[in-house]
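Notes to accompany the following structure.
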Amino acid sequence: GRNSVADFIPVARIADMLLHPAEALDYNGQQLTYPDIRLVYWAGGNPFHHHQDLGRLHRAFARPDTVIVQDSAWTASARHADIVLPVTITLEREDIGATAGDPLMVAMHRAVSPYREARDDHAIFAGLAERLGFAEAFTEGRSVRQWLEHLYEPTRQALAERGINAPDFSKFWEKGELVLPVQQWDGGIVRAFRRDPEGSPLPTPSGKIEIASATIAGFGYDDCPEHPTWLPPVEGAGSPAMTPFPLQLIANQPATRLHSQLDFGATSLASKIKGREPVRLHPQDAAARGIRDGDIVRLYNARGACLAGAVLSELLRPGVVQLSTGAWYDPKDPTAETPFCVHGNPNVLTRDAGTSRLAQGCTGQLCLVEIERFDGGLPPVKAFDPPPGSF
758 GRNSVADFIP VARIADMLLH PAEALDYNGQ QLTYPDIRLV YWAGGNPFHH HQDLGRLHRA
818 FARPDTVIVQ DSAWTASARH ADIVLPVTIT LEREDIGATA GDPLMVAMHR AVSPYREARD
878 DHAIFAGLAE RLGFAEAFTE GRSVRQWLEH LYEPTRQALA ERGINAPDFS KFWEKGELVL
938 PVQQWDGGIV RAFRRDPEGS PLPTPSGKIE IASATIAGFG YDDCPEHPTW LPPVEGAGSP
998 AMTPFPLQLI ANQPATRLHS QLDFGATSLA SKIKGREPVR LHPQDAAARG IRDGDIVRLY
1058 NARGACLAGA VLSELLRPGV VQLSTGAWYD PKDPTAETPF CVHGNPNVLT RDAGTSRLAQ
1118 GCTGQLCLVE IERFDGGLPP VKAFDPPPGS F
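In this text, residue positions in the sequence shown follow my numbering: the first is 758, and each later residue adds one.
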């Protein structure tokens, strides 16, 4: 029942892994080797929202023999799958809700029955485990409700050790909540270090705050020196790429949804302009391109293009435009080599490259683009329509 493969890659390098099996990757002082992935099973995420250079990701996902996606909606990731396993949303399942620092633990009762054939994640994985011959190792003989009771018990015991009488699971489930003691933050490891540097060293090689890291210096990475350093961006002010694409795009997190979740909800839809994600730009840049507030515009660079609704704002400096992430990817032609998203996903434009050989993180927040007014016939947004023959 345990995964015997301990290998990993930084998640931002998923397209590189699929496209370049057996190639080496420098990461945090190690050299990893990309495996040859023939099957992708994706649950609990939506890479065709959060990954960069979606045209490249599309080509990467075409390489494995089989792609399986476990999702609650027809996201762009689900549309790339050979097999889709419909999973319940929060309101269709039972769970417990609480995080560190919360004043309440909440019993999350099922509010509605699952839609059609949707099953919760535990039921899907238990079914797969049964077919693979290790159902008992996965479920440990417990149902979903019994697992919730099993996970609740350590909290009840911890409260009892502090002299707080917590109800058993059945009473907690019936009441719907458990009041938790609010713990005052003690300042963490930094405050402890300040009070007693010798007795409470920091988790660094020296045990101290390190302005320069001898460990990082030893890696010899030219793209990540051992101390904070300004390195000119590949796509930024002064770079050669500004000649054809003179505008700096900021692709930030949205205010009307969490990442791409509930993009079809009322709050997110109300923010759109003619069904497209809003893009903010300075009036000076708009005037130079004949763009007025509310116009549909086309953002583009060598990687792709997308439509958006123009919002003129002097809160941005000239030369900078802002388009939030999270609009569901909706390519006009899903087979095109260079994607054209009619809905406004900025990741058709962003660059898929690691932050450095140290971290290999995501660099999708900034890239260079050009903008023009879109005067053609406005394509319909189909991102929220289920594929033909589905429900």
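Every residue gets a Cβ at the ideal spot worked out from N, C-alpha and C, and that includes glycine.
query: Member of Ala1062, Arg1033, Tyr791 and Ala894 whose CA lies at the smallest distance from the CA of Asp1090; result: Ala1062
query: Cutoff 6 angstroms; reference Ile1007; Cβ partners in own chain excluding five residues on either side; result: Gln1079
query: Same chain, Cβ closer than 8 angstroms to Asn922, neighbours up to 5 away in sequence not counted; result: Leu916
query: Beta-carbon spacing of Glu1129, Pro1003 below 8 angstroms; result: no
query: Integer Cβ distance of Thr1120 from Ala1110, believed to fall under 8 angstroms; result: 6 angstroms
query: Member of Gly1118, Ala1116, Gly1083 and Leu1115 whose CA lies at the smallest distance from the CA of Val1105; result: Gly1083
query: Local conformation of Ala835 per DSSP, three classes; result: helix
query: Glu1071 versus Ala1012: straight-line alpha-carbon distance, rounded; result: 19 angstroms
query: First through last residue of the beta strand (DSSP E) which encompasses Arg1130; result: Leu1123 to Arg1130
query: First and last residue of the uninterrupted alpha helix (DSSP H) at Asp852; result: Element bounds for Asp852: not the alpha helix (DSSP H) but the beta strand (DSSP E), Asp852 to Gly854.
query: Inter-residue spacing [alpha-carbon to alpha-carbon] between Cys981 and Pro989; result: 12 angstroms
query: Per-residue burial, Ala1140 [other beta carbons within 10 Å of its own, 16 or more giving buried]; result: buried
query: Assigned secondary structure, Pro989 (DSSP; H/G/I helix, E/B strand, else coil); result: coil
query: Backbone CA spacing between Asn785 and Asp1020 [nearest angstrom]; result: 36 angstroms
query: Rounded separation between Gly993 and Cys1124 - CA only; result: 7 angstroms
query: When Pro1001, Val901, Leu1015 and Ala883 are compared against Asn803, the one with the closest alpha-carbon; result: Leu1015
query: Outcome for Phe805 when other beta-carbon atoms lying within 10 angstroms are tallied against a minimum of 16; result: buried
query: Among Gln827, Phe765 and Asp1042, the one whose alpha carbon lies nearest that of Asp839; result: Gln827
query: C-alpha gap between Val947 and Ile881, whole angstroms; result: 43 angstroms
query: Proximity of Ala715 and Ala875 at Cβ, strictly below 8 angstroms; result: An answer regarding residue 715 cannot be provided, because it is not within the stretch 758 to 1148 covered by the chain.
query: Nearest candidate by alpha-carbon position, reference Ala1151, set Leu782, Trp799, Ser900 and Glu983; result: With the chain represented from 758 up to 1148, any question about residue 1151 goes unanswered, as that position is not in the structure.
query: Segment limits, beta strand (DSSP E) that includes Ile1007; result: Leu1004 to Ile1007
query: Counted within 10 angstroms of its Cβ, other Cβ atoms place Tyr872 as buried (16 or more) or exposed; result: exposed
query: Every unbroken beta strand (DSSP E) within the region 828–907, with a cutoff of 3 residues, ordered by chain; result: 840–843, 852–854 and 861–865
query: Pro1144 (DSSP reduced to helix, strand or coil); result: coil
query: Inter-residue spacing [alpha-carbon to alpha-carbon] between Ser1028 and Glu1034; result: 7 angstroms
query: Counterpart residues of Gln1018 in DSSP-defined beta bridges; result: Leu1015
query: Run of the alpha helix (DSSP H) containing Ala817, from where it starts to where it stops; result: Leu811 to Phe818
query: Environment of Val762 [buried if 16+ CB atoms lie within 10 Å]; result: exposed
query: Rounded separation between Gln1122 and Asn1009 - CA only; result: 6 angstroms
query: Neighbourhood of Leu776 by C-beta distance below 8 angstroms, restricted to the same chain and skipping five residues each side; result: Arg813, Arg816, Ala817 and Arg820
query: Distance CB(Thr912)-CB(Met862) smaller than 8 angstroms; result: yes
query: 4-residue-minimum alpha helix (DSSP H) runs that sit fully inside the region 1010–1074, ordered along the chain; result: 1023–1027 and 1040–1045
query: Minimum length 3: unbroken beta strand (DSSP E) runs contained in the region 948–980; result: none
query: Distance CB(Ile1030)-CB(Gly1047) smaller than 8 angstroms; result: no
query: Ile771 - DSSP class collapsed to helix/strand/coil; result: helix
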